[in-house]
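Under this note's numbering, think of the first position of the sequence shown as 83, with each following residue one higher.
Notes for the one structure printed next.
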Amino acid sequence: MIPTDDPSEVETRLSMSIAEAMLTQRQLRRVKPDPIDDHIVMRCVELALEAPTGSNKQNWEFVIVKDRAVKARLAAQYRLAWALYRGLARRRTEAQPPKIQKSVEWQIDHFEEIPVLVVCCLRGGYRVPFLPQLPITASSHYGSIYPSVQNLLLAARCVGLGGALITMPLLSNAVARHILKLPLSVEPCCIVTLGWPKGHYGRKSRKSVGAVIHLDQYGQQPWRTLTR
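Below is the structure:
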């Protein structure tokens, strides 16, 4: 899809059917260094805000990073996290498929060149003093950011931007807060990278729906033989 700064063309692209957007969405890490007009980024984030949040608190915050020096500091954290991950994966024989690994390494090597990083954050925490920290508490908390992240990624796909959800640059919450000058009340949760893609969107290889659905209890799969 040809890059555009024309607001009317952006709105036309956003009229893509939701089914087409979901069927063709994929992680596009390789992007061009060409700038993205601010109004396109604002429009994508505006659509991200339409997602539901817990108790309708609307407690998201989004830090748009375009400064190369800030990106470089986040890149240093990304490279450290990747080195740690690769070392652990080798010991556990859990290395990523070569194609994905090359894509991630390209993104790490060119991180400072990515035009826009959207750091998706939440205000407020899930840790309650003197109470045990149950997994469901964290799950409920982060459930307020990831629906908006998916909206952001779908909006990016519609307008033709390459987008990818990553978390490794946030290896250290404290370091990320320092880099982005976030108050303690705001937690960085993930980053969406945006740029005009070098690759393209398209259909992906996916498991059949029957292979992942269980009826009433795990292991009961009456639709296992269904194919796509």
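The beta carbon of each residue, even a glycine, is placed where N, CA and C say it ideally should be.
- [ ] Spatial neighbours of GLY244 within its chain, please: CB distance less than 6 Å, with the 5 preceding and 5 following residues excluded, ordered by chain position.
- [x] Taking the first residue of the sequence shown as 1, we reach residue 244 at position 162. Contacts found: LEU110, VAL113, GLY277 and PRO279.
Task: ARG306, buried or exposed, once every other Cβ within 10 Å from all chains shown has been counted against 16 - done: Reading the sequence shown from its first residue, position 224 is the one you call residue 306. ARG306 is exposed by the Cβ-count criterion.
Task: Identified DSSP bridge partners for ARG205 - done: Sequence index remark: in the sequence shown, residue 205 carries index 123 (1-based). For ARG205, which the question treats as bridged, DSSP gives the partners VAL268.
- [ ] Please check the pair LYS273 and VAL200, which I expect to be a contact at CB under 8 Å, by giving their CB distance rounded to whole angstroms.
- [x] In the sequence shown, the residue the question calls residue 273 occupies position 191. In the sequence shown, the residue the question calls residue 200 occupies position 118. According to the sequence displayed, residue 273 carries Ile and not Lys. Right, their Cβ atoms sit about 7 Å apart.
- [ ] Can you tell me the Cβ-Cβ gap for PRO251 and TYR160, rounded? I've got them flagged as a contact below 8 Å.
- [x] Locating residue 251 in the sequence shown gives position 169, counting from the first residue. Locating residue 160 in the sequence shown gives position 78, counting from the first residue. At roughly 4 Å, the Cβ-Cβ gap stays under 8 Å, so PRO251 and TYR160 are in contact.
Task: Straight-line Cα distance separating LEU234 from LYS139 - done: On the sequence shown, position 57 is the one that residue 139 refers to. On the sequence shown, position 152 is the one that residue 234 refers to. Near 18 Å, if we compare the C-alpha coordinates of LEU234 and LYS139.
Task: Beta-bridge pairing of TRP305 - partner residues as DSSP gives them - done: Position 223 of the sequence shown, counted from the first residue, corresponds to residue 305. Paired residue(s): none; TRP305 is not in a bridge.
Open item on the list: Counting beta carbon pairs with one atom in the segment 222-241 and one in the segment 257-275, are three or more of them shorter than 8 Å?
Closed with: yes
Open item on the list: Per DSSP, what are the beta-bridge partners of TRP142 in this structure?
Closed with: Along the sequence shown, read from residue 1 onward, the residue named residue 142 stands at position 60. LEU204, per the DSSP bridge assignment.
Task: Backbone CA spacing between MET104 and VAL152 [nearest angstrom] - done: If you number the sequence shown from 1, residue 104 lands on position 22. If you number the sequence shown from 1, residue 152 lands on position 70. MET104 and VAL152: Cα-Cα distance of roughly 32 Å.
- [ ] Go to LEU247, then tell me how far its beta strand (DSSP E) extends in each direction, as first and last residue.
- [x] Working through the sequence shown from its first residue, we reach residue 247 at position 165. Start and end: 244-248.
Task: Where VAL113 falls: helix, strand or coil (DSSP) - done: Walking along the sequence shown from the start, residue 113 turns up at place 31. Residue state, collapsed to three classes: strand.
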